[in-house]
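Quick notes on the structure that follows.
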Amino acid sequence: MAPITRRNARVSGIPLHGPLPPATRLAVAPAPLPTSIGGLPIAAPIVAQKARRDNAATRLARSWRFRLESRGIVRLKSYNTCYQNSVQQAFMHQPPFLEWILTHNSHAREAERRFGGQRFSNGRVRRAVKSQYRKRNGKKNEDGEEKDDLGPILNPCKRNGKGCFACEMKGLAIRYWDKANPPQNPIQFANEVKRLAMLTWGRPDFPNRGQADANAFYDFCIDQMRACAPLTAAAAQAWRDECSALYDILYSCTYTCTVCNTSRRPHGSPYDGGTNLHINVEDNSGQAVPDIPAALDRYFHGDDVQVYCNTCNSTTRNRDTKELFIAPIILRLNVLIFTSWDEECEGMTKSDHATPSIPELLDLRRYQVDQSQPLRYRLSSVIAHVGQTTNSGHYVSATRGPLINMRLDDDHRRQISPAQLMGNPHAGRYACYELTYIRG
Numbered sequence: 001m002a003p004i005t006r007r008n009a010r011v012s013g014i015p016l017h018g019p020l021p022p023a024t025r026l027a028v029a030p031a032p033l034p035t036s037i038g039g040l041p042i043a044a045p046i047v048a049q050k051a052r053r054d055n056a057a058t059r060l061a062r063s064w065r066f067r068l069e070s071r072g073i074v075r076l077k078s079y080n081t082c083y084q085n086s087v088q089q090a091f092m093h094q095p096p097f098l099e100w101i102l103t104h105n106s107h108a109r110e111a112e113r114r115f116g117g118q119r120f121s122n123g124r125v126r127r128a129v130k131s132q133y134r135k136r137n138g139k140k141n142e143d144g145e146e147k148d149d150l151g152p153i154l155n156p157c158k159r160n161g162k163g164c165f166a167c168e169m170k171g172l173a174i175r176y177w178d179k180a181n182p183p184q185n186p187i188q189f190a191n192e193v194k195r196l197a198m199l200t201w202g203r204p205d206f207p208n209r210g211q212a213d214a215n216a217f218y219d220f221c222i223d224q225m226r227a228c229a230p231l232t233a234a235a236a237q238a239w240r241d242e243c244s245a246l247y248d249i250l251y252s253c254t255y256t257c258t259v260c261n262t263s264r265r266p267h268g269s270p271y272d273g274g275t276n277l278h279i280n281v282e283d284n285s286g287q288a289v290p291d292i293p294a295a296l297d298r299y300f301h302g303d304d305v306q307v308y309c310n311t312c313n314s315t316t317r318n319r320d321t322k323e324l325f326i327a328p329i330i331l332r333l334n335v336l337i338f339t340s341w342d343e344e345c346e347g348m349t350k351s352d353h354a355t356p357s358i359p360e361l362l363d364l365r366r367y368q369v370d371q372s373q374p375l376r377y378r379l380s381s382v383i384a385h386v387g388q389t390t391n392s393g394h395y396v397s398a399t400r401g402p403l404i405n406m407r408l409d410d411d412h413r414r415q416i417s418p419a420q421l422m423g424n425p426h427a428g429r430y431a432c433y434e435l436t437y438i439r440g
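With UniProt numbering, the residue at position 50 of the sequence shown is 50, and numbering never jumps.
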């Protein structure tokens, strides 16, 4: 592992100004794979899945490699695409995601030099360049000058770029962080932004011109990019493993009977928890939770369910306890500020308890199966909403960039302080709806 320099300094814990600390490793070797939980064996495919994901995670850098400012994204007139813009802003501020998406349908040399004017640090790109493509291949272009061989295509697009969500998202990333374009210039509603919007048209969850749920669109984006795996089996498996390492959650669930105190795992081996955690803004008594850690504590340790207990031979109240078996690099928290359905508006309406305080750092070690391993996250972005329902009102995003924090409201941008990034309500009136944290 190369020593830390200003170019690859980790944002979390390392200042962007002043002297850098001594060189340290940016990746930690995976912990030994557990083969049982609570004395019960874990199915071999689940253990193998964790091994592949741990290996994939080492290929994705988690630090910014450039010092550029965030930019706005223009919303087309008469189109309510602020929910899409806010989610795209969240993706653009996730260095591990950017590392991954740029390997889609990219030449090895091209991937190194296009993105932000910096070298591309994914291990597969480095190995391809080092082994075959460091020297010019001696071919001539039309002007008789030597030209670079761009190298092999990594993760070739199976759709030839037509209607490919990953191709468009990669193009947006390159356009967004183009150092030749001043950050004051927003991304226009054209090219990749327009084509991404068009890929949602005709879907019932995303009306062509209407407002929609930002959390649902976040899920949709991840699913669409995961489906853009290359055709060859090995490359497709590596693509899906890296996507899983970025976002997927796998956890174990234990029911403990409050009558006889018997515990059991209803689902056997750890099971798929999706790509985000849906956390309540109210406790079991209906009172507001004070902050996000309290909401997480309820999620992992606080819910009660009515299920059949074999020991009691009847349906009893059980405490539902969850433990993370595989934690993602990028943790999404969907704050359930919308709690009831409104028939007239045909959307979920907002809770009165919609503003728990938001921490910059989260330590989830105690919610893991293996609590000996660190599990810390730092806030990357916030998607906030004003209005009464998911399909009305307006969405904005607040992001932690390579240099400064920004509030991004479509094509408008404004520098904000760390306290404002974590503020809830955001900007005095927006309730924070979707939080994204990146593992340190």
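Every residue gets a Cβ at the ideal spot worked out from N, C-alpha and C, and that includes glycine.
Note that the structure is a prediction, hence the values are computed from the model and not measured.
- Under the DSSP definition of a beta bridge, Q415 partners with M406.
- With a threshold of 16 other beta carbon atoms within 10 Å, H426 meets it and is buried.
- Of the candidates E242, A398, N215, R75, E242 places its Cα closest to the Cα of A227.
- For Y367, no beta strand (DSSP E) segment is defined, and its DSSP state is neither H nor E.
- When the beta-carbon positions are compared, Q188 and V74 come within less than 8 Å of each other.
- Counted as a single uninterrupted DSSP element, the stretch harbouring C157 is not any beta strand (DSSP E), since DSSP gives it neither H nor E.
- Under DSSP, V386 forms a beta bridge with H394.
- Bounds of the alpha helix (DSSP H) holding K50 are 44 to 57.
- Taking C-beta atoms as the reference points, L60 and L324 fail to come closer than 8 Å.
- It is roughly 19 Å from the alpha-carbon of P359 to the alpha-carbon of V396.
- Beta-bridge analysis with DSSP links S314 to C309.
- Secondary structure of F325 (DSSP, three-state): strand.
- L421 sits away from V335, with the two beta carbons spaced by 8 Å or more.
- Sorting Q224, T311, A238, D283 by C-alpha distance to the C-alpha of C260 places T311 at the top.
- With contact defined as three or more Cβ pairs closer than 8 Å, the region 197 to 205 and the region 67 to 85 are in contact.
- Taking 3 residues as the shortest admissible run, the region 206 to 260 contains the following complete beta strand (DSSP E) segments, listed from N- to C-terminal end: 250 to 257.
- Per the C-alpha coordinates, the member of T254, L296, S417 positioned closest to L333 is L296.
- Your pair R319 and T258 checks out as a contact, with CB atoms roughly 6 Å apart and the cut at 8 Å.
- About 6 Å separates the CB atoms of G72 and L408; that is less than 8 Å, so the two are in contact.
- Counting every other CB atom within 10 Å of its CB across the protein chains shown gives L231 a total below 16, marking it as exposed.
- Collapsing the DSSP output to three states places E192 in a helix.
- The shortest CA-to-CA distance from Y271 to any of A238, A327, M348, V305 is the one to A327.
- Contact check for A214 against N391 fails: the beta carbons are separated by 8 Å or more.
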